[in-house]
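Heads up, the thing below is written out as structure tokens.
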Amino acid sequence: MPDMSVNLCGVKLKNPVIAASGTFGYGMEFNEFYPVSRLGGVACKGTTLKERQGNPPPRIVETDGGILNSVGLQNPGVDRFISVYLPWLKKQGTAVIANIAGNTVEEYCEMAEKLSGTDVDIIELNISCPNVKHGGVSFGTSCESVAEVTSQVKLRSKKPVMVKLTPNVTSIGDIAKAAEDAGADALSLINTITGMRIDIKTRRPILRNNTGGLSGPAVFPVAVRMVREVYKRVNIPVVGMGGISKWEDAAEMMIAGACAVQVGTANFHDPFACVKIIEGLEEFAKSLGLSSITELTGTLKEW
Amino acid sequence: MPDMSVNLCGVKLKNPVIAASGTFGYGMEFNEFYPVSRLGGVACKGTTLKERQGNPPPRIVETDGGILNSVGLQNPGVDRFISVYLPWLKKQGTAVIANIAGNTVEEYCEMAEKLSGTDVDIIELNISCPNVKHGGVSFGTSCESVAEVTSQVKLRSKKPVMVKLTPNVTSIGDIAKAAEDAGADALSLINTITGMRIDIKTRRPILRNNTGGLSGPAVFPVAVRMVREVYKRVNIPVVGMGGISKWEDAAEMMIAGACAVQVGTANFHDPFACVKIIEGLEEFAKSLGLSSITELTGTLKEW
Amino acid sequence: MRYTQETGVIIEKREIAPGIFDVAVSLPVIAKAAHAGQFVNIICGDYLLRRPISICGFDPEKGTLRMVFEIRGKGTKWLAERETGDTLDVVGPLGHGFSLVDNTKKAVIIGGGIGTPPLLPIAKFYGGNATVITGFRTASAAILQEDFEAAGAKTILCTDDGSAGFHGFTTQALEKHLGNNECDIIYTCGPKVMMKGVARLAEARGIACQVSMEERMGCGVGACLCCVCGTKGKDGDAQFTRVCLNGPVFDSAEVDWDA
Amino acid sequence: MRYTQETGVIIEKREIAPGIFDVAVSLPVIAKAAHAGQFVNIICGDYLLRRPISICGFDPEKGTLRMVFEIRGKGTKWLAERETGDTLDVVGPLGHGFSLVDNTKKAVIIGGGIGTPPLLPIAKFYGGNATVITGFRTASAAILQEDFEAAGAKTILCTDDGSAGFHGFTTQALEKHLGNNECDIIYTCGPKVMMKGVARLAEARGIACQVSMEERMGCGVGACLCCVCGTKGKDGDAQFTRVCLNGPVFDSAEVDWDA
Ligand SMILES: Cc1cc2nc3c(=O)[nH]c(=O)nc-3n(C[C@H](O)[C@H](O)[C@H](O)COP(=O)(O)OP(=O)(O)OC[C@H]3O[C@@H](n4cnc5c(N)ncnc54)[C@H](O)[C@@H]3O)c2cc1C
Ligand SMILES: Cc1cc2nc3c(=O)[nH]c(=O)nc-3n(C[C@H](O)[C@H](O)[C@H](O)COP(=O)(O)OP(=O)(O)OC[C@H]3O[C@@H](n4cnc5c(N)ncnc54)[C@H](O)[C@@H]3O)c2cc1C
Ligand SMILES: Cc1cc2nc3c(=O)[nH]c(=O)nc-3n(C[C@H](O)[C@H](O)[C@H](O)COP(=O)(O)O)c2cc1C
Ligand SMILES: Cc1cc2nc3c(=O)[nH]c(=O)nc-3n(C[C@H](O)[C@H](O)[C@H](O)COP(=O)(O)O)c2cc1C
Ligand code: FES
Ligand code: FES
């Protein structure tokens, strides 16, 4: 049997499949389908310093091969995350990734400090949420601000810091390099691509927030390309996501350069998506005679 | 009957539907399905100063809701475009948009000069082709180079100049504004989003060029959002494209801000796509009691 | 494991009004766990998001679930094209349903259009103590009248165009009914404006009222926060609450109708 | 209007080898215009790109087109699931086919695997003057042998595993055949390496050779330049030429096998 575990900046994941932030809550709901201990990890819903109500509904619309969402970081705030949700999830026996989003660099730092005193495994810096007015994606679109928030958080965090990148940029490679140089322990990508759909009868955007973030199979080729670009540019681990819905996609993402993957939108279609991807990857590794699934990562032979 | 014609920077199109560059050749082939005179216009295959062979095959791969292509501007060069293809197409009775791509600003200018002496209706500056090594998309990703190439071409062109923007940028609004300020007569968007797909058996990119450009329904929400963003930012006409495959999509794009649309990938699925979109838009305009299809443009009521 | 993903065979299908279909699907696990007011989430062909459909009936013995749905778009069109013998991929039972406590109380049930199906199990519970007021555009769009009658409920049919029953809105019929009859509890499902009107009438009279909300959904299980509706927080503050997990049924007093 | 988009009913369907299907579709306009070596482009379910399939036979009187295809992926799987009575959206006839000029000449036809079907009309043209050499992985994968025989052609069956006929490659069988027989023209369709081998044998002997190329396609009609293969330009320069319009059939001397 191939070894399915991967080492993500010092944290051992039992397999390379992580549920993506915002699509899986804190794991409690999907735990009613299967034990979330099956997963390599759970990236929790984006957390802010204070509780947030998020954007008014409708918050989701289906598009060809994807969805747009505009949840806008509804969450109970970092303190309740730590006191209520984290203990439950940690008890299940899977790596816990806290996903944090601030309005200011200082907010990111405060949250990182608070989380440093918990048994969270990794902090994922969400500098790429397109659905909030302040902070969010604006931190992720320039090398300077990426470097600034990353280096400041690194000073105050005792946990490994994984920076989550937005695809809404001209050069994902430059942004990735800036995060690495600023001390990021790992990178994850892609967050959603900003989009809009309109109801032609009412001539209103379907989402009450006007725009939303595109995810799902539609974005997969863009995600693979960006993961590849980043993998070639940095020496820290890259976690790939964006449109992964079956094990073949996960394998493709790993071959492009991902050491682990996150699965988001696919959970909506098939609640067992993550489990099936883990099983499929294991079969694949077996059929290739790999001793470890990590042997896939970055093995793409470009033309 | 609603008036279906639109005025695109001084050129009257009989209807707002233009076949998108690179998907329709010079119209000869689709003219074997229906008279291309039915169309508002044809944007011709991207033309370079000298003949180009393009990239080796495979040049296309299907993805969820879209395709990646890496044709790489195979074309006979601007002189043969002018002597062989343009006369035929012009004779059909549809607006002819010459799409040009240069390796240098000077090449763009030379082509614009040559085309100024022909009966081409509009020059579309392709500063957004992701499938060539030099020039192409690199011109389209910074405000400075967009401004430079646009203003230089404007000095040498007697034809209206429509600048075609790439979606692979952090702020499409800034780029659009730079093009407008440099004298662009119109803007068209979006070109393709760079992506990659991998054959997990061979661990090779499926496209021989490694990466390709994503088009088709998958990109539609991104295109609508960008067209909206650009429409709000500039005062010149915007031609919307990216994933339009039915009249409802064209209507949505116009409501977002497009004065006309281009249809590309949809022609591959349904050779009559453009004709059906024209008919559908006309029915729609009739059902709304519009006297002119132009009344749709930009009528979105944002929340 | 509170939630089940089950592949079930369609064992019966009828078009009960133009564009409205009544199906029975063999889903033994879900049927056993189901409760009035809950819903299921169904894969419709190649569309990415599942479509939520209310449970109109459940037979734990036969292991069947009954659903009534209307063609509204691509997904429901696909669903309507399935035939007896075809299978469906269904997740359920989902959400927090109606509370049914004391069937000696007098219940009034108000349904509007395709909001009517989830109310049938309530009528079955209250039997003769239930009055069912349903509203439809026109006579031919009316559904489930015989089912409500078979449950022993009194029925008041309303149509917008007066082509059958009471000519007017369900809220008007409700107001009339409440003037002359006892009522301990009200249940409603239908268009938002109708439910808002029903809630106002109920609250004015101090009658408990349960409403079933509708919202576009992602996960359907409470994990993504896509499906929220406005509710009043403890201190009266507006907040957003998940329809799929905390609803679809809410106490009308909780709902912030203007959010 | 050289091209037609036609919706045709499947009037016959058979699985002629595991995973290989033989269908007859009613497409009167396309069938009337079709020529050996051309292909059609078919919508397969919800997939965006049409799938190119060669014309294996055409009956202008009955108005039917015959196609033989193998399940290779999602699209051909969808196609294989269609049944008699279902309709297909087909564009055709497309491309530049085989040139068939003088049926008194001796023709040798070499097909590999699923490359065999487009060769059947050639065998019908040459009849007794045709020798058909076909190669398959194994005996059970062999197709169309009776059809070639019915056309009056001599057939030489090769299998990679020796489970039927000649144990070895078609190119070996061809070399043997050419050593002992007259041959004026060669036609081939199959895997690229096989065609390259055939072309080399033909060119060494100065025999004209027509090859049918395969490439991933976009528009299928010559407009998008997605489907090119390497060919030798007039001055011997490498260039890329559209398989869908200038091919799929090329003179073997034109093809740049290493592009
Ligand atoms: C809890 C709940 C119970 C429901 N019960 C029933 C029922 O018993 N019978 C019935 O006919 N309908 C019911 N609906 C509405 C039904 O889900 C929608 O009509 C259906 O999703 C429309 O899908 P479509 O693909 O046909 O429409 P499209 O407009 O093509 O769908 C596009 C997207 O929008 C979503 N969407 C569109 N309209 C609605 C809507 N009204 N509510 C939620 N999502 C929507 C779809 O799910 C899909 O994701 C219920 C909805 C909810 C939330
Ligand atoms: C001119 C021509 C004639 C053909 N004639 C036949 C025939 O008579 N019988 C037959 O069985 N097959 C034939 N093929 C091959 C057939 O088109 C492919 O097997 C089919 O497209 C695979 O589609 P899929 O969805 O099943 O596979 P997938 O791999 O899922 O397809 C993904 C994409 O790649 C394309 N693709 C994959 N393989 C090929 C291929 N070999 N050639 C071209 N495109 C490919 C598909 O069209 C699709 O766009 C022909 C191909 C060409 C170009
Ligand atoms: C409903 C929804 C909510 C999301 N919320 C968050 C979030 O809170 N923080 C975050 O970093 N990413 C969030 N994302 C982005 C996902 O984590 C992921 O990056 C993206 O959806 C692409 O992956 P996918 O195609 O597998 O869904 C959200 C995505 C969706 C669909
Ligand atoms: C095969 C192919 C070739 C293309 N070639 C060109 C080109 O030469 N010049 C150009 O400006 N755009 C080119 N494009 C981009 C299209 O014109 C269009 O911007 C893009 O495909 C998005 O529209 P769609 O989704 O309707 O196809 C090409 C697109 C495709 C699919
Ligand atoms: S649909 Fe995901 S929380 Fe309700
Ligand atoms: S497939 Fe478009 S040119 Fe051949």
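Here the protein sequences come in this chain order: R, B, A and D. Counting from 1, one number per residue, gives the positions in the first sequence under this note's numbering. Counting from 304, one number per residue, gives the positions in the second sequence under this note's numbering. Counting from 607, one number per residue, gives the positions in the third sequence under this note's numbering. Counting from 866, one number per residue, gives the positions in the fourth sequence under this note's numbering. All C-beta atoms, glycine included, are put in the ideal place defined by N, C-alpha and C.
- Following the continuous alpha helix (DSSP H) through R:L314, name the residue where it begins and the one where it ends. Residue coverage of chain R in this structure runs from 1 to 303, which leaves residue 314 of chain R outside it and unanswerable.
- Item | contact_flag[the region 84–98 of chain R, the region 57–72 of chain R] where n(CB pairs < 8 angstroms) is 3 or more | Touching, no.
- Closer than 7 angstroms, Cβ to any Cβ of chain A: which residues of the region 69–84 of chain R, in chain order? Those would be N69, V71, Q74, in chain order.
- Message: I want to know whether the region 143–153 of chain R touches the region 114–122 of chain R - three or more CB-CB distances under 8 angstroms.
- Response: Judged by Cβ distances under 8 angstroms, the region 143–153 of chain R makes no contact with the region 114–122 of chain R, as fewer than three pairs qualify.
- Message: Give me, in chain order, the residues of the same chain whose beta-carbon lies closer than 6 angstroms to that of B:G498; leave out the 5 immediate sequence neighbours on both sides.
- Response: Walking along the second sequence from the start, residue 498 of chain B turns up at place 195. Within the same chain, B:G498 has close Cβ partners L371, L517.
- Task: For A:H702, write down the residues that DSSP places opposite it in a beta bridge.
- Result: Working through the third sequence from its first residue, we reach residue 702 of chain A at position 96. DSSP lists A:P854 as partners of A:H702.
- Message: So, under 8 angstroms CB-CB, R:V42 and R:T94 are touching, yes? Tell me the CB distance rounded to an integer number of Å.
- Response: Working through the first sequence from its first residue, we reach residue 42 of chain R at position 42. Working through the first sequence from its first residue, we reach residue 94 of chain R at position 94. Confirmed, Cβ separation roughly 6 angstroms.
- Task: Below 9 angstroms between beta carbons is the criterion; list the residues of the region 1–14 of chain R that meet it against any residue of chain B, in chain order.
- Result: Those would be none; no residue qualifies.
- Which of the residues in the region 512–525 of chain B, read from start to end, lie with their CB under 9 angstroms from any CB of chain R? Listed by position, the residues of the region 512–525 of chain B near chain R (Cβ gap below 9 angstroms) are N512, N513, T514, G515, L517, G519, P520, A521, V522, F523, P524, V525.
- May I have a chain-ordered list of the beta strand (DSSP E) segments no shorter than 3 residues that lie completely inside the region 990–1073 of chain D? Within the region 990–1073 of chain D, the complete beta strand (DSSP E) runs of at least 3 residues are 995–1001, 1019–1024, 1050–1054.
- Item | R:F30 - DSSP class collapsed to helix/strand/coil | Here the question's residue 30 of chain R lines up with position 30 in the first sequence. Looking at R:F30 - three-state DSSP - the assignment turns out to be helix.
- Would you check if the distance between the CB atom of R:F268 and the CB atom of A:C825 is smaller than 7 angstroms? Position 268 of the first sequence, counting from 1, holds the residue named residue 268 of chain R. Position 219 of the third sequence, counting from 1, holds the residue named residue 825 of chain A. Yes, the pair counts as a contact, with Cβ atoms nearer than the cut-off.
- Verify the CB distance criterion: does R:E32 have a CB-CB separation below 7 angstroms to chain A? Along the first sequence, one-based indexing puts residue 32 of chain R at 32. For R:E32, the answer is yes, since a Cβ of chain A falls inside 7 angstroms of its Cβ.
- Item | Near-chain D residues of the region 344–373 of chain B (beta-carbon distance less than 8 angstroms), N- to C-terminal order | The residues in question are K348, Q356, G357, P359, P360, P361, R362, I363, V364, E365, G368, G369, I370, N372.
- Message: ligand 5 and A:L831: does the residue's C-beta get closer than 6 angstroms to at least one heavy atom of that ligand?
- Response: Within the third sequence, numbered from 1, the residue matching residue 831 of chain A stands at position 225. Yes, ligand 5 has a heavy atom inside 6 angstroms of this Cβ.
- Task: Using three-state DSSP, classify R:N267 as helix, strand or coil.
- Result: Translated into the one-based positions of the first sequence, residue 267 of chain R becomes position 267. In this structure, DSSP gives R:N267 a helical state, which the three-state scheme calls helix.
- Any chain D beta carbon closer than 7 angstroms to B:E650: Lying outside 304 to 606, the shown extent of chain B, residue 650 of chain B is not represented and no answer is given.
- Message: Please state whether the Cβ-Cβ distance between R:A250 and R:I277 is less than 7 angstroms.
- Response: Walking along the first sequence from the start, residue 250 of chain R turns up at place 250. Walking along the first sequence from the start, residue 277 of chain R turns up at place 277. Result yes, Cβ atoms of R:A250 and R:I277 sit closer than 7 angstroms.
- Across which residues does DSSP place D:F904 in a beta bridge pair? Translated into the one-based positions of the fourth sequence, residue 904 of chain D becomes position 39. Its beta-bridge partners are D:S919, D:L959.
- Query: Would the C-beta of A:A844 count as close to ligand 3, meaning under 6 angstroms from any of its heavy atoms?
  - Reply: As a first step, residue 844 of chain A must be located in the third sequence, where it is residue number 238. Relative to the non-hydrogen atoms of ligand 3, the Cβ of A:A844 never comes closer than 6 angstroms to any of them.
- Task: Compute the minimum distance between the beta carbon of R:K164 and the heavy atoms of ligand 3, and state whether it is under 6 angstroms.
- Result: Mapped onto the first sequence, residue 164 of chain R falls at position 164. Yes, the beta carbon of R:K164 sits closer than 6 angstroms to at least one heavy atom of ligand 3.
- contact_flag[the region 688–701 of chain A, the region 613–626 of chain A] where n(CB pairs < 8 angstroms) is 3 or more: Result yes; three or more Cβ-Cβ pairs closer than 8 angstroms.
- Within this structure, are the beta carbons of R:A19 and R:M241 separated by less than 7 angstroms? For the purposes of this step, residue 19 of chain R is taken as residue 19 along the first sequence, with counting starting at 1. For the purposes of this step, residue 241 of chain R is taken as residue 241 along the first sequence, with counting starting at 1. Not in contact: R:A19 and R:M241 (Cβ atoms no closer than 7 angstroms).
- Start and end of the alpha helix (DSSP H) containing B:S454? The count along the second sequence starts at 1 and reaches residue 454 of chain B at position 151. Membership of B:S454 in the alpha helix (DSSP H) is indicated by the continuous run 446–459.
- List the residues that DSSP assigns as beta-bridge partners of A:F846. Residue numbering aside, residue 846 of chain A sits at position 240 when the third sequence is read from its first letter. A:F846 is bridged to A:G836.
- Query: Applying a beta-carbon distance threshold of less than 8 angstroms, which residues of chain R neighbour A:E821?
  - Reply: Residue numbering aside, residue 821 of chain A sits at position 215 when the third sequence is read from its first letter. Within chain R, the residues near A:E821 are P57, P58.
- Task: Look at the Cβ atom of B:Y411, then the Cβ atom of B:V466, and state whether they are nearer than 7 angstroms.
- Result: What you label residue 411 of chain B is simply residue 108 of the second sequence in a count that begins at 1. What you label residue 466 of chain B is simply residue 163 of the second sequence in a count that begins at 1. B:V466 sits away from B:Y411, with the two beta carbons spaced by 7 angstroms or more.
- Query: Is any heavy atom of ligand 2 found at a distance shorter than 6 angstroms from the C-beta of D:L914?
  - Reply: Position 49 of the fourth sequence, counted from the start, is the residue given in the question as residue 914 of chain D. Answer for D:L914: yes, Cβ within range of ligand 2.
- Message: Short of 7 angstroms Cβ to Cβ, which residues in the region 269–295 of chain R face chain A?
- Response: Those residues of the region 269–295 of chain R that come within reach of chain A (Cβ to Cβ, closer than 7 angstroms) are H269, P271, F272.
- Query: So what's R:G41 in DSSP terms, helix, strand or just coil?
  - Reply: Residue numbering aside, residue 41 of chain R sits at position 41 when the first sequence is read from its first letter. R:G41 falls in the strand class under three-state DSSP.
- Message: Taking 7 angstroms as the threshold (C-beta atoms), are D:S1117 and D:C1074 in contact?
- Response: Taking the fourth sequence and counting its residues from 1, one reaches residue 1074 of chain D at position 209. Taking the fourth sequence and counting its residues from 1, one reaches residue 1117 of chain D at position 252. Yes. Within cutoff.
- Got a sec, what are the start and stop residues for the beta strand (DSSP E) D:D850 sits in? Chain D is shown from 866 up to 1124; residue 850 of chain D falls before or after that span and cannot be answered.
- Check the DSSP bridge columns for B:N310 and list the partner residues they point to. The count along the second sequence starts at 1 and reaches residue 310 of chain B at position 7. Note: B:N310 sits in a beta bridge opposite B:K315.
- Range covered by the beta strand (DSSP E) that runs through D:K878: The residue given as residue 878 of chain D occupies position 13 in the fourth sequence. Residues 869–882.
- Task: For B:E605, return the contacting residues in chain R, with the cut-off set at a CB-CB distance below 9 angstroms.
- Result: The sequence position of residue 605 of chain B within the second sequence is 302, counting from 1. Simply R204, P205, N210.
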